[in-house]
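Basically the numbering used here = 1-based index in the sequence shown + 126. Have a look at the structure below, then the notes.
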Amino acid sequence: MTDNYYTKQKRKTIFLKWCVYAFAIGGILVLILGIALELSIGAIVGGMTACILNALLLILIYRKRIKNYHQGIDPSKFITNE
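Listed below in structure tokens is the structure:
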């Protein structure tokens, strides 16, 4: 059971890592396309801010998940049937 749990955790952390990369690339694409299409500064900054904030949120989740994974914390141990 614990092996299955850690395998799922590893998959989730890899998924979160690639989500962060996707948002970072998205922010760069918003900047490039915004300049190429001559959009307003507000639209460019708004799009980049949204991508950056989403990436930062995912980084916070990712760091906590990695820390729990390396410490060997299994949340199923805390579930009690009372």
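Cβ atoms here follow ideal geometry from the backbone N, Cα and C, with glycine treated the same way.
Ranked by how close their Cα comes to the Cα of ILE187, the residues LYS143, ALA150, LYS134, ASN130 have LYS143 in first place. Contact between PHE149 and ASN130 is ruled out by a C-beta separation of about 29 angstroms, above the 8 angstroms threshold. Taking 8 angstroms as the upper bound for CB-CB distance, GLY168 and VAL156 are not in contact here, some 12 angstroms apart.
Shown here, LEU165 sits in coil according to DSSP, grouped into three states, outside any helix or strand.
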